[in-house]
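Just below is one structure, and these are the notes that go with it.
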Amino acid sequence: MRVDKFLWSIRYFKTRNIATEACKKGHVKINNQTVKPARDVYPMDAIQVRKNQINYSFTVLDIPPSRVGAKLVDIYRKDTTPKEAFEQQEMLQYSKDYYRKKGIGRPTKKDRRDIEGYLNDDPEEESEGTTLSSD
């Protein structure tokens, strides 16, 4: 079975065309070699797929006759993706939350107050506030 059809049939990609494009862009490797979409897949091949900034890796156990249901995917592949890949994705998600996107306009009122509060913080004011609260 072709690698693009295999990736589509075990639900790594929503359409076969997306799987073909991923192969053409070099996001799919079989046994550490970048492959074309027409490359055949055999049992015990090690496949790496880069999708959504995560490098998924799995071993082919069997070839499905056609597209399979989500519950049956594990019959045809053994997932060997390291946990660090998912943890790295979570850290990337958190880092994106704090940055404004380029070109979304002027800072909001809250953003402006945060910036002014950050720039106008004096160490003397903080030390006076701590001495008053301790009395």
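What the sequence shown shows, in the numbering used here, is residues 45 to 179, in sequence order.
Beta carbons: idealized from backbone N, C-alpha and C, even for Gly.
Are residue i and residue j closer than 7 Å when you measure CB to CB?
| i | j | result |
| --- | --- | --- |
| V47 | V93 | no |
| C67 | P81 | yes |
| I54 | I74 | no |
| M135 | V85 | no |
| K127 | L105 | no |
What whole-angstrom Cβ distance do residue i and residue j have, given they're in contact under 8 Å?
| i | j | result |
| --- | --- | --- |
| P108 | Y100 | Incorrect: roughly 17 Å between the Cβ atoms, too far for contact. |
| Q133 | I98 | 5 Å |
| H71 | K49 | Wrong, their Cβ atoms sit about 16 Å apart, outside the cutoff. |
| T124 | T103 | 6 Å |
For residue i, which of helix, strand or coil comes out of DSSP?
| i | result |
| --- | --- |
| V106 | For clarity, residue 106 is Asp in the given sequence; the question names Val instead. In this structure, D106 counts as coil in the three-state DSSP scheme. |
| R157 | helix |
Note to self: Please give me, in chain order, every unbroken run of the beta strand (DSSP E) with length at least 3 that falls completely inside the stretch 48 to 103.
What the structure shows: 72 to 74 and 90 to 95, all fully within the stretch 48 to 103.
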